Amino acid sequence: PAYSRTTHKRQGQTLGKIIVDLVMPPGPLEVASVYVPLSRVKRLGDLLIIRPFEFATLQVKPSTAQIEELKRLDRIAQNTRKRFQFII
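Start counting at 1 in the sequence shown, then tack on 29, and there's your number in my numbering.
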């Protein structure tokens, strides 16, 4: 059986096969709008993009909030490595 789901609904899931339309509606794009559908399958052969799309769709830049969150997570990772370096 086939059915559709939103990108938000598919976050964190792995799918057997997926059909994706990368022609996005007008307006601002979120990184997840492109990344999530393209990363739900384990093999490229299980992904079908149904029509041509603008290459710029793949070049979505993260928001300022996303960049700040990545920096915060990096600081936590660095501190964790320092605290537990004797284990490795």
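Glycine included, every Cβ here is placed at the ideal spot set by N, Cα and C. Please read these numbers as outputs of a predicted model, since none were measured by experiment.
Check	Outcome
Whether VAL49 touches LEU76 by CB criterion (8 Å)	yes
Nearest candidate by alpha-carbon position, reference ARG80, set LEU51, GLU59 and ILE47	LEU51
Span of the beta strand (DSSP E) around ILE48	47-49
Coarse secondary structure for ILE79, derived from DSSP in three states	coil
Distance between GLY56 and ILE78 (C-alpha atoms, nearest Å)	21 Å
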